[in-house]
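Chains as they are written, first to last, in the working numbering: chain A, 504 to 942; chain B, 39 to 353. The beta-carbon is built from N, C-alpha and C at its ideal position, and this holds for glycine as well.
And the structure:
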């Protein structure tokens with residue numbers, strides 16, 4: 504989420520009008536002024552709840568503790584007070600604070616120490632210990648330990664109380680750091696994870712990561728949409744549209760008060776995607792189809808076909824069902840067979856060749872391993888002649904093309920672009936390049 | 039009601055809007071209150087028919103201000119939104135004043151002198167008399183302030199957004215020939231969007247962002263109560279509960295608040311004492327706007343009606 508200085512000023516102005524009295528209204532106010540979309544509202548709401556989750560429970564906890572402590576303590580206190588009072592003169596400020604058990608004061612001291620230790624810089628969970636000890640140091644733990652050592656000799660009862668209080672303090676600091684990590688470190692950890700995920704080979708990611716991958720792909724789609732969904736009409740300044748100008752100015756004797764300029768119309772991409780869904784390529788196809796079909800605003804028309812042994816159209820399945828269900832459905836119909844590129848291309852030519860127009864980009868996604876069957880390269884040539892371009896995305900590395908049963912070199916001649924496409928990042932680049940050719 | 043009513047507090051906004059028949063959630067009331075306090079426009083997003091446009095009308099009605107509405111569409115430009123020169127009038131005046139011009143310029147001996155004299159007239163033909171104010175300029179010129187509704191901003195082109203920026207942040211517009219025109223009283227600006235396309239960050243930054251979704255059951259009951267006064271309590275509860283069940287289905291277009299109100303009116307007209315299967319099946323087309331949606335909903339009607347009736351007995 505991006506919050507500019509102007510926005511934070513606005514938020515502060517709004518808050519100054521509203522006041523801090525009611526947390527619900529404060530939350531609404533911040534959501535109104537800072538968030539700029541529904542997603543951001545959700546994220547900010549969660550962040551708000553997280554940030555304000557700490558003070559209240561901890562305060563009530565310590566309050567309870569001190570209440571119960573006070574209930575138990577009075578007789579003891581009364582007895583030990585004169586001696587204890589004399590003792591506490593020699594104690595460090597932290598020890599005194601802990602003994603008086605003023606939760607507000609302790610919380611304030613901790614907040615000061617936390618900001619002095621730059622707690623908001625915490626990014627990774629490995630830094631937890633470091634920050635905890637830093638905060639404790641700032642609060643004067645060293646002096647406290649000395650006091651403890653002294654007290655164990657002179658006043659064991661007081662020392663015991665102080666030890667319990669110190670343990671409670673350590674716990675509070677730990678909680679505080681954990682919360683800060685959750686608040687400040689989440690983004691960094693997520694970025695790191697996403698970066699790894701983005702460059703991992705799609706075919707080999709683990710099942711538990713699939714959901715994360717889907718989210719990542721959706722984010723990619725949003726980025727591509729934002730980049731390319733700009734208006735498609737662009738004025739060509741300098742080229743006067745004479746006919747429209749005359750017509751528009753007919754009312755005042757064709758004296759050209761209003762000028763009309765020629766416009767350039769740009770096509771939206773039309774895409775026909777042929778996806779191999781056999782064995783190892785299936786996962787890449789899965790993510791590719793998800794990406795292509797989330798580009799509604801950028802791409803005017805997508806028709807998707809899936810094949811291994813034979814080819815079927817899957818556009819409707821992808822449009823009507825959720826990502827998981829759609830893939831399950833497609834796999835049930837054509838998946839997991841051994842691939843036969845020749846007969847799959849033949850299926851396409853027979854039934855859907857007319858969907859390919861001179862504005863269409865045909866994308867084939869597959870490893871081009873046709874199990875030594877007829878590759879059907881001549882059909883690909885005919886597709887290539889009809890279409891604007893043919894793009895082949897191959898999940899295998901370039902080195903392996905042409906070895907074994909790979910027919911890549913034969914297909915390559917009929918493709919305008921051939922690229923390796925094994926990771927999410929390569930996928931994004933490939934799709935972005937396809938869309939960019941229409942701009 | 040010569041002075042526009044001030045906004046005292048969030049509660050005052052809530053009750054004020056309620057007096058216009060608009061039942062606002064606290065979020066909405068907070069947004070309206072804040073927009074007045076820190077002088078920022080409100081950008082309202084949400085599905086069609088949840089009362090985005092109604093909100094502007096209610097605010098205008100309650101505060102006794104004039105409402106100026108600018109409906110956005112593709113190709114809307116500054117000539118239609120901001121101002122336009124009255125070309126015909128300019129042309130006519132030059133024709134009529136031709137002789138006069140000749141007289142004035144007659145004294146000049148050289149072309150240069152004539153040109154100098156012409157300069158002395160100043161920009162007679164590009165003065166305020168020849169400006170045709172369009173909604174945005176009208177809104178700035180209202181002496182008592184007004185409510186400016188910029189409806190469906192997402193339908194307009196991205197260029198138009200940039201045109202709005204000056205108005206939204208400073209409540210002024212710059213006309214090259216006339217200079218900057220600032221608002222006499224800053225208008226209350228409400229923009230609505232159906233999220234058909236993403237709006238630019240610059241625009242969003244200048245606004246309070248308010249998202250109105252489908253209301254909760256309690257709130258929707260109050261809305262129906264205020265909008266359809268003749269409806270019985272039993273029917274109202276059943277109807278709203280039924281609509282909430284319908285919204286759980288996968289539909290092309292979910293019924294929104296405006297459909298709920300329409301349907302409630304229909305049922306009152308048909309004098310239905312409470313929800314019945316046959317009645318619901320006959321009038322489902324008021325609620326659902328696609329044939330496929332009606333077909334998808336039909337098999338569930340019986341269950342939903344039964345649920346609604348049961349809920350009403352216990353609730």
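Hey, is residue i's beta-carbon within less than 9 Å of any beta-carbon in chain B?
i, result
"residue 521(A)", "yes"
"residue 885(A)", "no"
"residue 503(A)", "Past the boundaries of the shown model lies residue 503(A); chain A is included only from 504 to 942, so the question cannot be answered."
"residue 505(A)", "yes"
"residue 509(A)", "yes"
"residue 729(A)", "yes"
"residue 513(A)", "yes"
"residue 753(A)", "no"
Determine, using beta carbons only, whether residue i comes closer than 9 Å to chain A.
i, result
"residue 242(B)", "yes"
"residue 286(B)", "no"
"residue 69(B)", "yes"
"residue 170(B)", "no"
"residue 331(B)", "no"
"residue 52(B)", "no"
"residue 323(B)", "no"
"residue 83(B)", "yes"
"residue 114(B)", "no"
"residue 248(B)", "yes"
"residue 292(B)", "no"
"residue 72(B)", "yes"
"residue 75(B)", "yes"
"residue 16(B)", "Examination of residue 16(B) is not possible in this model, given that chain B is present from 39 through 353 alone."
"residue 64(B)", "yes"
Suppose the cutoff is 7 Å on Cβ atoms and the five residues either side in sequence are ignored; what does the same chain contact list for residue i look like?
i, result
"residue 830(A)", "789"
"residue 793(A)", "717, 720 and 826"
"residue 92(B)", "60"
"residue 146(B)", "152 and 155"
"residue 510(A)", "536 and 537"
"residue 813(A)", "837, 846, 847 and 850"
So, for residue i: in the same chain, excluding its five sequence neighbours on each side, which residues have a beta-carbon less than 8 Å away from its beta-carbon?
i, result
"residue 52(B)", "62, 64 and 67"
"residue 31(B)", "Any question about residue 31(B) goes unanswered here, given that chain B covers just 39 to 353."
"residue 178(B)", "205, 209, 210, 211, 219, 220, 221, 222 and 225"
"residue 874(A)", "841, 842, 843 and 908"
"residue 555(A)", "526"
"residue 518(A)", "529, 532 and 533"
Since I believe residue j is in contact with residue i (beta carbons under 8 Å), could you give me their beta-carbon distance rounded to a whole number of angstroms?
i, j, result
"residue 230(B)", "residue 195(B)", "Wrong, their Cβ atoms sit about 17 Å apart, outside the cutoff."
"residue 916(A)", "residue 891(A)", "Contact flag wrong, Cβ pair sits at about 17 Å."
"residue 338(B)", "residue 287(B)", "7 Å"
"residue 183(B)", "residue 103(B)", "6 Å"
"residue 97(B)", "residue 295(B)", "That belief does not hold up - the Cβ atoms of residue 97(B) and residue 295(B) are roughly 17 Å apart, past 8 Å."
"residue 935(A)", "residue 727(A)", "6 Å"
"residue 930(A)", "residue 791(A)", "6 Å"
"residue 677(A)", "residue 635(A)", "6 Å"
Residue i lies in the alpha helix (DSSP H); which residues open and close that run?
i, result
"residue 873(A)", "First-last for residue 873(A): undefined, no H or E at that position."
"residue 615(A)", "606-619"
"residue 512(A)", "508-521"
"residue 636(A)", "631-642"
"residue 278(B)", "271-284"
"residue 552(A)", "541-554"
What residue range is occupied by the uninterrupted beta strand (DSSP E) comprising residue i?
i, result
"residue 776(A)", "773-779"
"residue 448(A)", "Since the first and last residues shown for chain A are 504 and 942, residue 448(A) lies out of range."
"residue 220(B)", "217-220"
"residue 104(B)", "104-109"
"residue 899(A)", "Counting along the chain, residue 899(A) falls outside any beta strand (DSSP E), and DSSP gives it neither H nor E."
"residue 80(B)", "80-83"
Identify, in the order they occur along the chain, each residue of the same chain with its Cβ nearer than 6 Å to the Cβ of residue i, setting aside the five sequence neighbours on each side.
i, result
"residue 565(A)", "Annotation note: pLDDT 39 at residue 565(A) (below 50); position unreliable, no value reported."
"residue 654(A)", "661 and 662"
"residue 238(B)", "199"
"residue 747(A)", "763"
"residue 559(A)", "In this predicted model, residue 559(A) has a pLDDT of only 45, less than 50, meaning its place in the structure is not dependable enough to derive any value."
I want to check one thing, is the minimum distance from the CB of residue i to the heavy atoms of the ligand PLP below 8 Å?
i, result
"residue 212(B)", "This structure does not include the ligand PLP; it has no bound ligands of any sort."
Q.
Can you pull out the residues from the segment 527-558 of chain A whose beta carbon lies closer than 9 Å to at least one beta carbon of chain B?
A. 527, 528, 531, 532, 534, 535, 536, 537, 538, 539, 540, 541, 543 and 544
Q: Compile a chain-ordered list of the residues in the segment 756-783 of chain A whose CB is closer than 9 Å to at least one CB of chain B.
A: 756, 758, 760 and 761
**Q.** Contacting positions in the segment 887-912 of chain A - beta carbon closer than 8 Å to chain B
**A.** Against chain B - using a Cβ distance shorter than 8 Å - the segment 887-912 of chain A contributes no residues.
Q. Between the segment 117-133 of chain B and chain A, which residues of the former have a C-beta closer than 9 Å to a C-beta of the latter?
A. 117, 123, 125, 126, 128 and 129
Q: Output, in sequence order along the chain, the residues in the segment 839-851 of chain A whose CB is closer than 8 Å to any CB in chain B.
A: Taking 8 Å as the Cβ-Cβ cut-off against chain B, none of the residues of the segment 839-851 of chain A qualify.
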